[in-house]
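Colleague: Take this structure first; my questions come after.
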Amino acid sequence: MWAGEQVTLINVYAPSDVGERQDLFQCLRPQLVTSRTIMMGGDFNSILESDGRSGTRAGERWMDDAAKLLAEMVDEALLTDYIGSMGPDARNFTWNHLDGSLRSRIDFVFTSKSVRIKQFSMVTMHFSDHRAIRSLAGPGTWKLNSSLLRREDVQEELRRTYKLLAEHIRKNPNIRGIPTQGDAKKEVKCALYMDDVTLFCTDGKLIQSRLQACKDFGKASGAKINVDKSQAKLFGRWDLCNKPLPFPIQAGLVKILGVWFGGPGAVAKSCNECLAKVMQKLGVWSLRNLSIEGKALMLRNDALPVLQYVIQAWPM
């Protein structure tokens, strides 16, 4: 446990042989597919930077196949090397030849983005040609434990709580929304998904009534509008000089529940991101020895729902 969360700690000592290193990194790869916070460090015996080696081998090819695989794994798992790149200062070299003719950076500490390295230092060890990495880590910005959202009791509580807000907005005759086309002639005033709320309005004078409804809801529930993460998207001509909005107006495309809206390019951008997610999910096949039936199940249960979600907003 770290900062109240379960953590995956991985200590690495990679062999010098390229093929053996690749085998080790392939074994580590599935361990990085997790929702836990990851802290992975050790001697990777790999150069990941063009200036990660100095001395007699400075002109040689610096990134071998094992290093490329490691860099790909770190990128896939969204890990960060918080010690940072070399730069002009050589203090980040972690290994030194005994005669000082060669130095390189082959030791790393990779962590999830939720971890913040507050300070670090290199410590010379008399019994090793490697320098120890001593760091002080602390929790970063708070984030919701997303595993809680999979609990049925939490989902039911969220539905019940935010349903009250939706009902208040939808039944308030002073709040006007966007009329739909067709025989039904319904009026869309808001859309909710978990704790995300999208409000629709056709009159600038009525925006304040919507915001007031959210404030009243906050007094009763303890929930508040996150102004830093809220945006407004305007279509057509609007005059908000007298009553400016408390959050920024989005000039370009706006992302609502994972789908882009707001102008030309929204469909392409939504579809490209959707396909990228599908390809990432399909890429897991290389980590598992799946049968044809297993691949079909993964495609049906894990990949197709992502496509169907976007198609609901942007029919192809």
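Numbering (the UniProt record's numbering), first residue to last: 1 to 316.
C-beta: ideal position from N, C-alpha, C; glycine also.
Owing to the predicted nature of the structure, the values given are computational and were not obtained by experimental measurement.
(1) Tell me which same chain residues have a C-beta within less than 7 Å of the C-beta of Val18, skipping the five on either side of it?
(2) Closest to Gly42 by C-alpha separation, out of Arg150, Cys214, Ala132, Leu211, would be which residue?
(3) How about Asp81 and Thr94: are their beta carbons less than 8 Å apart?
(4) Is the separation between the beta-carbon of residue 328 and that of Ala303 shorter than 8 Å?
(5) By DSSP's criteria, His130 is part of a beta bridge. Which residues make up the other side?
(6) Would you check whether the ligand COA has a heavy atom nearer than 7 Å to the C-beta of Ile207?
(7) Could you say which of Gly236, Lys215, Val74 lies nearest to Val227 if we only look at CA atoms?
(8) How would you label Leu70, buried or exposed, when you count the other beta carbons within 10 angstroms and need 16 or more for buried?
(9) Find the nearest neighbour of Ser112 within the set Arg21, Val33, Lys224, judged by alpha-carbon distance.
(10) Of the choices Val7, Asp196, Arg176, Gln26, whose alpha-carbon is the least far from that of Asn203?
(11) With DSSP run on the structure shown, which of helix, strand or coil describes Ser104?
(12) So, helix, strand or coil for Met279, using DSSP?
(13) Report back the beta-carbon spacing between Lys233 and Val267 to the nearest angstrom; my notes put them in contact at under 8 Å.
(14) How would you write the range of the beta strand (DSSP E) that Thr8 sits in, first residue to last?
(15) Report yes if the CB atom of Thr8 is closer than 8 Å to the CB atom of Gln31, and no otherwise.
(16) If residue 340 sits next to Ile207, beta carbons under 8 Å apart, how far is it from one beta carbon to the other, in whole angstroms?
(17) Under three-state DSSP, which class holds Glu49?
(18) Can you name, in chain order, every residue of its own chain whose Cβ lies under 6 Å from the Cβ of Leu24, other than the five neighbours on each side?
(19) Determine whether the beta carbon atoms of Leu79 and Ile38 lie at a separation below 8 Å.
(20) Please work out which residues of its chain come closer than 7 Å, Cβ to Cβ, to Leu282, disregarding the five sequence neighbours upstream and downstream, and give them in chain order.
(21) Am I right that Cys274 and Leu307 are in contact with their C-beta atoms under 8 Å? What's the rounded C-beta distance?
(22) How would you label Leu257, buried or exposed, when you count the other beta carbons within 10 angstroms and need 16 or more for buried?
(23) Just to confirm, is the Cβ distance from Ser46 to Arg21 under 8 Å?
(24) Quick check on the burial criterion: 16 or more other C-beta atoms within 10 angstroms. Buried or exposed for Tyr162?
(25) Between the beta-carbon of His168 and the beta-carbon of Ala223, is there less than 8 Å?
(26) Measure the C-alpha to C-alpha separation of Ile311 and Ile292 and round it to an integer number of angstroms.
Modeller: So, from the listed chains and residues:
(1) Asp64, Asp65, Ala66
(2) Ala132
(3) no
(4) This structure leaves residue 328 out entirely; the chain is present only between 1 and 316.
(5) For His130, which the question treats as bridged, DSSP gives the partners Trp95.
(6) Although the ligand COA was asked about, the structure shown includes no ligands whatsoever.
(7) That would be Lys215, whose Cα lies nearest to the Cα of Val227.
(8) buried
(9) Val33
(10) Per the sequence presented here, residue 203 reads as Asp, with Asn not at that position. If we check each option's Cα against that of Asp203, Arg176 comes out closest.
(11) strand
(12) helix
(13) With 8 Å as the limit, Lys233 and Val267 do not qualify as a contact, their Cβ atoms being about 16 Å apart.
(14) 7–13
(15) yes
(16) In the structure as shown, the chain begins at 1 and stops at 316. Residue 340 is therefore absent and cannot be evaluated.
(17) coil
(18) Ala14
(19) With contacts defined by Cβ atoms closer than 8 Å, Leu79 and Ile38 form a contacting pair.
(20) Ala303
(21) 6 Å
(22) Label assigned to Leu257: exposed.
(23) yes
(24) buried
(25) no
(26) 26 Å
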